[in-house]
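Quick mapping for you: the protein sequence lines, in order, are chains G and D. The first sequence begins at 1 in our numbering and counts up by one. The second sequence begins at 1 in our numbering and counts up by one. Backbone N, C-alpha and C define an ideal beta-carbon position, used for all residues, glycine too. This structure is a prediction, so every number in the text was calculated from the model and none was measured. Note sheet for the following structure.
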Amino acid sequence: MTMFIKIILLTSLIIVCISMIGIIYRLIVGPTVHDRVVGLDALGITLMAIIALISMVLDTKYFLVVILLIGILAFIGTISFAKFLEKGVIIEHERSNSEHRD
Amino acid sequence: MNDLIQNIAISFIMVLILIGALLSLVSTIGLLRLPDVYTRTHAASKASTLGVMMMMFGAFLYFWIVKGHFNAELFLAVLFIFITAPVGAHLITRSAYYYGVEPSKSTSHDDLKETNVDQS
């Protein structure tokens with residue numbers, strides 16, 4: 001049974017790594033900037049899965065803290081990139097802008 | 001008897017993880033082959049989210065049933081992906097539309113353009 005678990009985990013790890021290589025191809029080639037942002041988002045989500053699989057292969061529970069952290073960081077990076085590409089700024093200073101205009 | 005139940009549970013977990021990995025591969029094929037930013041975001045957000053959720057729910061059940069260690073952080077991570085990945089895809093597609101990225105040639109109808117024209 002342990003051998004069965006090892007084989008399935010390593011097979012799915014290889015499949016996820018192949019899908020990660022495809023995402024990196026889209027990240028390099030992608031014609032517009034938004035393609036690259038989509039690729040980065042998918043790369044972060046896939047990295048979470050790889051960490052879960054590796055912590056099962058290595059039989060430790062101490063990597064599981066990293067998964068939630070990477071998810072939060074990937075989400076914040078994605079929304080800040082989207083806001084920067086749409087509006088040109090990420091954090092708006094409305095009060096200081098109105099003072100400078102007066 | 002208990003051993004049999006645990007074997008069935010382990011087989012179920014392994015099937016869950018393998019299907020999740022295959023869904024992640026399908027999402028990557030969609031990301032490589034589709035013609036457009038919007039369709040690529042469609043593939044990357046839906047299939048990849050479901051695959052990663054299945055893999056991480058499998059990891060959660062593995063650590064719970066096999067190792068006897070209930071990890072709440074993995075379950076929270078599954079819920080977090082389920083909430084935030086569609087929101088991120090929505091924001092990227094919206095910013096791509098207002099940035100002026102053209103949809104592919106086979107797009108026949110642009111509803112959002114007519115709505116914006118009506119409002120202004």
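Check the Cα spacing between Leu-43/G and each of Ser-55/G, Met-20/G and Leu-68/G: the tightest is with Met-20/G. Around the CB of Gly-100/D, fewer than 16 other CB atoms lie within 10 Å, so the residue is classed as exposed. The Cβ-Cβ distance between Ile-10/D and Ile-5/G falls below 8 angstroms. About 17 angstroms separates the beta carbons of Gly-58/D and Ala-47/D, which is beyond the 8 angstroms limit, so they are not a contact pair. Residue contact check for Ser-104/D against chain G: no CB pair falls below 8 angstroms. Rounded to the nearest whole angstrom, the C-alpha separation of Glu-86/G and Ala-21/D is 33 angstroms.
Under the rule that a run must span 4 or more residues, the alpha helix (DSSP H) segments found entirely inside the region 25-85 of chain G read 33-57. About 17 angstroms separates the Cβ atoms of Thr-49/D and Gly-22/G, ruling out a contact at the 8 angstroms cut-off. The DSSP-derived three-state label of His-90/D is helix.
Beta-carbon to beta-carbon, Met-56/D and Ala-49/G are separated by about 7 angstroms, close enough to satisfy the 8 angstroms threshold. In the structure shown, the three-state DSSP call for Thr-107/D is coil.
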